[in-house]
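J.: Please read through the structure below; I'll follow up with questions.
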Amino acid sequence: MTSLIRAVSTASDAALSPAITGLLLYVLTKGPESLRQPFVRGLSTPDNVNKAITTLKWLLGLGLVKHVNRFLSDWALNNWELKRQKWNWKEEIVLITGGSGGIGSLIAKGLALKGLQVVVVDVIPMPEGLQGWANISFQQCDITSIEALKEMAEVVRSSVGEPTILINNAGVFDAHSILDTNPDYLRKVFDVNVLSNWYLIQQFLPGMIKKNKGHVLTMASLSSYLGVAGFADYSATKAGVLALHEALTSELRLVYGAPQVKTSIFHPSYVKSPMSKPWEKALKDKGLTLLDASHVANAVVKHVMSGRSGHFIIPAGASSMSSWRGYPVWLQEFLRGKVGFGSSSLKMKDLT
Numbered sequence: 001m002t003s004l005i006r007a008v009s010t011a012s013d014a015a016l017s018p019a020i021t022g023l024l025l026y027v028l029t030k031g032p033e034s035l036r037q038p039f040v041r042g043l044s045t046p047d048n049v050n051k052a053i054t055t056l057k058w059l060l061g062l063g064l065v066k067h068v069n070r071f072l073s074d075w076a077l078n079n080w081e082l083k084r085q086k087w088n089w090k091e092e093i094v095l096i097t098g099g100s101g102g103i104g105s106l107i108a109k110g111l112a113l114k115g116l117q118v119v120v121v122d123v124i125p126m127p128e129g130l131q132g133w134a135n136i137s138f139q140q141c142d143i144t145s146i147e148a149l150k151e152m153a154e155v156v157r158s159s160v161g162e163p164t165i166l167i168n169n170a171g172v173f174d175a176h177s178i179l180d181t182n183p184d185y186l187r188k189v190f191d192v193n194v195l196s197n198w199y200l201i202q203q204f205l206p207g208m209i210k211k212n213k214g215h216v217l218t219m220a221s222l223s224s225y226l227g228v229a230g231f232a233d234y235s236a237t238k239a240g241v242l243a244l245h246e247a248l249t250s251e252l253r254l255v256y257g258a259p260q261v262k263t264s265i266f267h268p269s270y271v272k273s274p275m276s277k278p279w280e281k282a283l284k285d286k287g288l289t290l291l292d293a294s295h296v297a298n299a300v301v302k303h304v305m306s307g308r309s310g311h312f313i314i315p316a317g318a319s320s321m322s323s324w325r326g327y328p329v330w331l332q333e334f335l336r337g338k339v340g341f342g343s344s345s346l347k348m349k350d351l352t
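Using the UniProt record's numbering, read the sequence shown as starting at 1 and increasing by one per residue.
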């Protein structure tokens, strides 16, 4: 299904590209005969030529609307300012949770290569690939504990400095039905995926507000937009961090008067990782393609270095999923059936 979405998206991007449609329209209407005639012959009749010109005009118009809409969205996310804030990257301090593995470790390494000071926070030790770097430090911390988070925050401030970029990346994931969800695991998934984000923002946002400079980046998921069978708890947490991100963005402008503090959120599709390993076959059987962690990490690093706020869906071809809740109910249910897990994929308890 992911491959189909990508194919449709690629075709749509080409059809709505003003560069492509504008060039074709120019060739058919005002282009030199040497370029125009092959198209005219291919279209066979004058009527077909006129239809092609009309279609290209519509596509050009829609493409321009799409690009203007994208520009306005980026402008709005950055508080209607076009001027980029200056960042001294060698003095910026990034704190990233879940930085010892998967996407997190790749983001940490990528930002360290850019010269930023990186603080990796994780409950598991930092991998060898991140050890020995002058600009990477490590704090082992259980982010589900408020007291542990407070203690870690004080250590970071005293030993490294006040973080200017917070990346809430840590997350846990498993597939199971609602009735099979263990209460302890349910608490854990909300503690890690949602509440830790909240507590970390409470710890480090005041320093950003004081300077009216900083960046809070949230790692969400396409599950933010669609609750499906087998992922009820995970989907609920990702919908939760999306709501937190949106409210934070508004509060920075309306409550704290700190519009220069940037906020960004990423919604990747399924990513190859140790967490997703047990479900890879089931996902592939549904036609879902798993992303490489490096693909997501590179996008995050590139965006951080832009110094802008943003809202991203990865792959870009799946961006239509953000509007699924506006689809007719029958279509939503059909799509949930395509991406959710059934009893054959889940380990079910005997409830009889």
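Quick reminder that beta carbons are idealized off the backbone N, C-alpha and C, glycines included.
1. Looking only at C-alpha atoms, which of Val121, Met208 and Leu166 sits nearest to Phe138?
2. Can you tell me whether Asn168 is helix, strand or coil according to DSSP?
3. Going straight from the alpha carbon of Leu351 to that of Asn182, what length do you get?
4. Please classify His67 as buried or exposed, where buried requires at least 16 other C-beta atoms within 10 Å of its C-beta.
5. For Ser221, which residues in the same chain have their Cβ closer than 7 Å to its Cβ, ignoring the five residues on either side in sequence?
6. Under the rule that 16 or more other beta-carbon atoms within 10 Å means buried, what is Phe230, buried or exposed?
7. Quick one: what does DSSP say Pro46 is sitting in, helix, strand or coil?
8. Cβ of Val301 within 7 Å of Cβ of Leu111?
9. Decide if Gly104 is buried, meaning its Cβ has at least 16 other Cβ atoms within 10 Å, or exposed.
10. Excluding the 5 residues preceding and the 5 following Leu291 in the sequence, name in chain order all residues of the same chain whose CB lies nearer than 8 Å to its CB.
11. Which residues does DSSP list as the beta-bridge partners of Ile265?
12. Using a 10 Å radius around the Cβ and a threshold of 16 neighbouring Cβ atoms, would you call Ser223 buried or exposed?
13. For Phe334, which option in Pro274, Gly307, Val228 and Ser250 has the closest C-alpha, if you only look at C-alpha atoms?
14. Tell me which residue opens and which closes the alpha helix (DSSP H) that Leu113 is part of.
15. Label Leu60 either buried or exposed according to how many other C-beta atoms from any shown protein chain fall within 10 Å of its C-beta, with 16 as the threshold for buried.
16. How would you call Ile124, buried or exposed, if buried means at least 16 neighbouring beta carbons within 10 angstroms?
17. Measure the beta-carbon distance from Leu166 to Ala297 and round it to whole angstroms, keeping in mind my assumption that it falls under 8 Å.
18. Quick check on Asp174: does DSSP put it in helix, strand or coil?
19. Mind reading off the beta-carbon distance from Gln260 to Gln85? Whole number of angstroms is fine, and I expect it under 8 Å.
20. Hey, how far is the Cα of Trp133 from the Cα of Lys57?
21. Starting from the Cα of Asn88, find the closest Cα among Gly115, Leu62 and Asp174 and give me that residue.
22. Let me know the secondary structure DSSP gives Ile201 once reduced to three states.
23. Take the Cβ of Gln117 as the centre, count every other Cβ of all protein chains shown within 10 Å, and call the residue buried at 16 or more, exposed below.
24. Determine the closest residue to Leu149 out of Ile96, Ser309, Glu81 and Phe71, with distance taken between C-alpha atoms.
25. Mind checking whether Asp233 and Leu186 have CB atoms under 7 Å apart?
26. Taking only three categories from DSSP, how would you classify Asp180?
27. Where DSSP assigns a beta bridge to Thr97, which residues make up the other side?
28. Of the residues Thr29, Ser17 and Val216, which one's Cα is nearest the Cα of Pro46?
29. Would you list the residues sitting across from Leu291 in a DSSP beta bridge?
30. Tell me which residues share the same chain as Lys188 and place their Cβ nearer than 6 Å to its Cβ, disregarding the 5 neighbours each side in the sequence.
31. Where DSSP assigns a beta bridge to Ile136, which residues make up the other side?
32. So, for Val40: in the same chain, excluding its five sequence neighbours on each side, which residues have a beta-carbon less than 8 Å away from its beta-carbon?
T.: Quick look at the numbers:
1. Locating residue 138 in the sequence shown gives position 138, where the first residue counts as 1. Ranking the options by Cα distance to Phe138, first place goes to Val121.
2. Counting from one through the sequence shown, the residue named residue 168 turns up at place 168. For Asn168, the secondary structure class from DSSP, reduced to helix, strand or coil, is strand.
3. Position 351 of the sequence shown, counted from the first residue, corresponds to residue 351. Position 182 of the sequence shown, counted from the first residue, corresponds to residue 182. Note that Leu351 scores 39 on pLDDT, short of 50, meaning its location in the model is unreliable; the coordinates nonetheless yield the value given after this. Straight through space, the alpha carbons of Asn182 and Leu351 are spaced by roughly 15 Å.
4. By 1-based counting over the sequence shown, the position of residue 67 is 67. His67 is exposed by the Cβ-count criterion.
5. In the sequence shown, counting from the first residue as 1, residue 221 sits at position 221. Counting only Cβ-Cβ distances below 7 Å, and skipping sequence neighbours, we find Lys238, His267 and Pro268.
6. Taking the sequence shown and counting its residues from 1, one reaches residue 230 at position 230. Per the sequence shown, residue 230 should be read as Gly rather than Phe. With 16 or more other Cβ atoms within 10 Å, it is buried.
7. As a working note, residue 46 is residue 46 in the sequence shown. Correct three-state label for Pro46: helix.
8. Here residue 301 corresponds to residue number 301 of the sequence shown, with the count starting at 1. Here residue 111 corresponds to residue number 111 of the sequence shown, with the count starting at 1. In this structure, the beta-carbon distance from Val301 to Leu111 falls below 7 Å.
9. The residue given as residue 104 occupies position 104 in the sequence shown. Classification for Gly104: buried.
10. The count along the sequence shown starts at 1 and reaches residue 291 at position 291. So the qualifying residues of the chain are Pro268, Ser269, Tyr270, Val271, Lys272, Ile314 and Pro315.
11. As a position in the sequence shown, residue 265 is number 265, starting the count at 1. According to DSSP, which records beta bridges pairwise, Ile265 is partnered with Thr218 and His311.
12. Position 223 of the sequence shown, counted from the first residue, corresponds to residue 223. Under a 10 Å Cβ-count criterion, Ser223 is classified as buried, with 16 or more other Cβ atoms of the shown protein chains found around its own Cβ.
13. The residue labelled residue 334 in the question sits at position 334 within the sequence shown. The candidate whose alpha carbon is nearest that of Phe334 is Val228.
14. Numbered from 1 along the sequence shown, position 113 holds the residue referred to as residue 113. It spans Gly102 to Leu113 - the alpha helix (DSSP H) in which Leu113 sits, taken as one unbroken run.
15. In the sequence shown, counting from the first residue as 1, residue 60 sits at position 60. So Leu60 ends up on the buried side.
16. Taking the first residue of the sequence shown as position 1, residue 124 is located at position 124. Looking at its Cβ environment, which holds fewer than 16 other Cβ atoms inside 10 Å, Ile124 is exposed.
17. Stepping through the sequence shown from its first residue, residue 166 is reached at position 166. Stepping through the sequence shown from its first residue, residue 297 is reached at position 297. No, Leu166 and Ala297 are not in contact; Cβ-Cβ is about 17 Å, not under 8 Å.
18. As a first step, residue 174 is located in the sequence shown; it is residue number 174 there, counting from the start. Secondary structure at Asp174: coil, using DSSP grouped into helix, strand and coil.
19. Your numbering for residue 260 matches position 260 in the sequence shown. Your numbering for residue 85 matches position 85 in the sequence shown. Confirmed, Cβ separation roughly 6 Å.
20. Numbered from 1 along the sequence shown, position 133 holds the residue referred to as residue 133. Numbered from 1 along the sequence shown, position 57 holds the residue referred to as residue 57. Trp133 and Lys57 have their alpha carbons spaced roughly 55 Å apart.
21. To locate residue 88, count along the sequence shown from 1; it is residue 88. Selected option, being the one with the closest Cα: Gly115.
22. The residue given as residue 201 occupies position 201 in the sequence shown. In the three-state DSSP reduction, Ile201 falls in the helix class (H, G or I).
23. Counting from one through the sequence shown, the residue named residue 117 turns up at place 117. With 16 or more other Cβ atoms within 10 Å, it is buried.
24. By 1-based counting over the sequence shown, the position of residue 149 is 149. Ranked by Cα distance from Leu149, the options Ile96, Ser309, Glu81 and Phe71 are led by Ile96.
25. As a first step, residue 233 is located in the sequence shown; it is residue number 233 there, counting from the start. As a first step, residue 186 is located in the sequence shown; it is residue number 186 there, counting from the start. In this structure, Asp233 sits near Leu186, with a CB-CB distance shorter than 7 Å.
26. Here residue 180 corresponds to residue number 180 of the sequence shown, with the count starting at 1. DSSP places Asp180 in the coil class of the three-state scheme, outside both helix and strand.
27. Taking the sequence shown and counting its residues from 1, the one referred to as residue 97 is at position 97. According to DSSP, which records beta bridges pairwise, Thr97 is partnered with Val121.
28. Your numbering for residue 46 matches position 46 in the sequence shown. Pro46 has its Cα closest to that of Thr29, out of Thr29, Ser17 and Val216.
29. The residue you call residue 291 lines up with position 291 of the sequence shown. For Leu291, which the question treats as bridged, DSSP gives the partners Val271.
30. Here residue 188 refers to the residue found at position 188 of the sequence shown. Cβ neighbours of Lys188 beyond the five flanking positions: none.
31. The residue given as residue 136 occupies position 136 in the sequence shown. In the DSSP secondary-structure assignment, Ile136 is bridged to Val118.
32. Translated into positions along the sequence shown, residue 40 becomes position 40. Contacts found: Leu28 and Val49.
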